[in-house]
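The structure appears below as structure tokens.
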Ligand SMILES: Cc1cc2nc3c(=O)[nH]c(=O)nc-3n(C[C@H](O)[C@H](O)[C@H](O)COP(=O)(O)OP(=O)(O)OC[C@H]3O[C@@H](n4cnc5c(N)ncnc54)[C@H](O)[C@@H]3O)c2cc1C
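The following block contains the structure:
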């Protein structure tokens with residue numbers, strides 16, 4: 002008779018919940034260990050401070066969530082989340098100019114993060130196959146360098162220490178994961194780590210949008226131009242499920258950041274176009290400024306270790322975390338969960354195949370990693386500590402090619418389609434080097450350059466926008 006297989010997931014955030022759902026499809030029992038009490042509603046919690054800032058779930062991630070949890074995306078949309086078609090429903094000033102609003106190829110789900118987490122968590126926990134051990138702090142792993150056998154935790158209310166035994170432990174404890182430390186306690190060699198840190202920081206406020214604007218007005222994005230050799234400033238106005246606009250202003254290292262309410266609008270006025278600032282003046286502020294300075298790209302390479310213990314996996318931000326501006330973290334974690342599901346679906350859980358499973362889970366974070374890291378190394382003041390050869394050689398040539406593509410994608414629809422597939426993580430990054438794409442770059446006829454934000458009359462009728470926002474602005 003085979004022993005029951007017990008899975009433990011470290012961390013009950015986005016990646017941890019998806020991983021727990023996958024484990025529950027293949028193992029007999031699954032426990033999520035989490036420091037917080039996970040709220041039974043769309044509420045903030047201490048262990049998810051990033052939830053105060055804009056989050057988009059790209060279509061690739063949304064499709065995985067819906068495949069794992071059928072009906073989830075309809076539930077989100079039915080409760081007010083917005084499905085923003087790229088680029089029909091988005092007015093965006095890219096580094097290369099205003100993007101034409103081509104018919105949507107991909108989409109992003111826009112809503113507050115507590116709302117998204119709550120709906121997804123509710124879908125996952127409704128089946129009753131997963132138990133959550135709240136108010137439990139993970140201390141370290143139990144077992145040895147050959148085999149992880151569980152996790153040691155501390156009950157945060159009583160202080161009691163306990164070892165929870167498991168056949169498979171999945172680390173999904175986020176950017177702050179102590180995995181490298183835990184592995185060294187098991188006397189394993191250090192896992193290699195790459196860091197590309199452009200010093201990204203976010204400042205966010207929530208505003209009551211003008212009536213009808215969260216449904217009828219496009220999402221707005223004003224980006225920095227990385228080719229100007231100075232720190233970059235960005236701003237977005239994204240519709241949320243509850244009739245609000247979430248406005249996030251962000252920057253790379255050295256561009257400052259508004260940390261007080263009174264500085265928020267003046268900072269928005271320094272962006273490359275006044276559109277974000279003018280929308281802010283139309284809306285009623287509902288929150289004070291929330292700040293986050295957690296935006297470095299950081300990736301571990303567990304798959305490179307010669308010896309990897311049986312019974313241990315890592316995914317989500319604990320494995321690879323990205324500059325949030327690209328909106329890839331949740332979709333990357335969903336890809337890893339799907340890869341784990343596929344591996345477990347092949348022949349069930351076999352501890353001897355743990356290393357193979359980790360390789361599969363790690364492989365799918367490579368595209369978001371290289372997309373974010375290779376762009377960020379271009380920003381002035383970016384700090385790097387990397388082993389990835391793609392980030393240390395040929396950067397200038399690659400950036401020149403990427404600029405060429407970006408310049409074409411804002412004006413040529415077929416090129417834009419492929420680029421949107423890639424940035425939404427729907428198509429592999431290698432698509433941009435394919436002969437099909439290279440001939441599209443030659444053949445696709447670009448539309449004329451846009452000199453002002455492409456807002457339609459019906460959209461303008463919803464907001465009383467300052468006329469200067471509808472004409473050409475300062476673009477550099
Ligand atoms: C400002 C900002 C904006 C972002 N915007 C986007 C976006 O638009 N789109 C997108 O896809 N991604 C975005 N991201 C990334 C996204 O938030 C993460 O990729 C995602 O939340 C990762 O989920 P996770 O479960 O791996 O980690 P987390 O969400 O950090 O969850 C980790 C969990 O582990 C728990 N935990 C940690 N340590 C312990 C311990 N010792 N004991 C017990 N429990 C512990 C924590 O309480 C937490 O619940 C953004 C990130 C930031 C910082």
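Numbering (the working numbering), first residue to last: 2 to 477.
For every residue, glycine included, the Cβ atom is placed at its ideal position computed from N, Cα and C.
Between the CA atoms of residue j and residue i - distance to the nearest angstrom
i, j, result
"residue 477", "residue 416", "Reliability of the predicted coordinates at residue 477 is poor, the pLDDT of 46 falling under 50, and the value obtained from them is presented with this limitation in mind. Roughly 24 Å separates the two Cα atoms."
"residue 270", "residue 259", "12 Å"
"residue 378", "residue 130", "44 Å"
"residue 243", "residue 81", "7 Å"
"residue 286", "residue 250", "14 Å"
"residue 172", "residue 317", "8 Å"
"residue 333", "residue 298", "13 Å"
"residue 283", "residue 394", "47 Å"
"residue 65", "residue 336", "7 Å"
"residue 309", "residue 361", "14 Å"
"residue 465", "residue 198", "39 Å"
"residue 264", "residue 225", "19 Å"
"residue 352", "residue 147", "11 Å"
"residue 209", "residue 241", "10 Å"
"residue 389", "residue 468", "47 Å"
"residue 52", "residue 325", "12 Å"
"residue 133", "residue 300", "27 Å"
"residue 339", "residue 277", "37 Å"
"residue 262", "residue 144", "50 Å"
"residue 68", "residue 43", "23 Å"
"residue 344", "residue 312", "14 Å"
"residue 446", "residue 413", "6 Å"
"residue 371", "residue 161", "43 Å"
"residue 342", "residue 429", "20 Å"
"residue 200", "residue 95", "20 Å"
"residue 246", "residue 373", "26 Å"
"residue 17", "residue 170", "11 Å"
"residue 150", "residue 79", "42 Å"
"residue 127", "residue 121", "10 Å"
"residue 137", "residue 37", "8 Å"
"residue 280", "residue 115", "24 Å"
"residue 356", "residue 26", "20 Å"
Per DSSP, the bridge partner or partners of residue i
i, result
"residue 311", "148"
"residue 551", "Given that the chain is displayed from residue 2 to residue 477, the structure contains no residue 551 and the question cannot be resolved."
"residue 239", "247"
"residue 141", "153"
"residue 108", "86"
"residue 286", "208"
"residue 203", "251, 293"
"residue 9", "32, 170"
"residue 301", "194"
"residue 220", "91"
"residue 183", "Paired residues: none, contrary to the question."
"residue 133", "33"
"residue 322", "299"
"residue 234", "252"
"residue 175", "Its beta-bridge partners do not exist; DSSP assigns none."
"residue 98", "95"
Exposure label - residue i; buried when at least 16 CB within 10 Å
i, result
"residue 182", "exposed"
"residue 118", "buried"
"residue 443", "exposed"
"residue 97", "buried"
"residue 113", "buried"
"residue 348", "exposed"
"residue 159", "exposed"
"residue 35", "buried"
"residue 470", "buried"
"residue 47", "exposed"
"residue 228", "exposed"
"residue 307", "exposed"
"residue 55", "buried"
"residue 288", "exposed"
"residue 24", "buried"
"residue 368", "buried"
"residue 422", "buried"
Closer than 9 Å to chain B by CB, residue i
i, result
"residue 393", "Considering every chain present, this structure includes no chain B. It has just one protein chain."
Residue ranges of each beta strand (DSSP E) within the segment 15–65, 3 or longer: DSSP runs (the beta strand (DSSP E)) wholly in the segment 15–65: 30–34, 57–59.
At what residue ranges does the segment 356–388 contain a whole run of the alpha helix (DSSP H), taking only runs of 4 or more? Listed in chain order, they are 367–377.
Runs of alpha helix (DSSP H) wholly within the segment 423–455 (minimum 4 residues, chain order): The qualifying runs are 436–444.
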